[in-house]
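**Q**
In my numbering, the protein residues as written are 399 to 449.
Below you can see the structure in the form of structure tokens.
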């Protein structure tokens, strides 16, 4: 997706340190393990459809 390898062990830490990503109060339900937290992009192109 980003054109580079993402290390699963560091993914959550890197996501939290990103400036243009914000955690929501929502989680996905229906799985057997801990539900994943949802995030949203808040950067300069947030809310605009891809061109």
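All C-beta atoms in this analysis are idealised placements derived from N, C-alpha and C, irrespective of residue type, glycine included. The structure displayed is predicted, hence computed values, not measured ones.
May I ask which residues mark the beginning and end of the beta strand (DSSP E) holding residue 435?
**A** Unbroken beta strand (DSSP E) run through residue 435: 435 to 439.
**Q** Using the Cα positions of residue 429 and residue 402, report the straight-line distance between them to the nearest angstrom.
**A** Roughly 28 Å separates the two Cα atoms.
**Q** How far does the alpha helix (DSSP H) with residue 426 in it reach, from first residue to last?
**A** No alpha helix (DSSP H) contains residue 426, which DSSP labels as neither H nor E.
**Q** Express the C-alpha separation of residue 439 and residue 421 in angstroms, rounding to a whole number.
**A** Roughly 9 Å between the two C-alpha positions.
**Q** Along the chain, where does the alpha helix (DSSP H) that runs through residue 414 open and close?
**A** Residue 414 -> alpha helix (DSSP H) spans 409 to 415.
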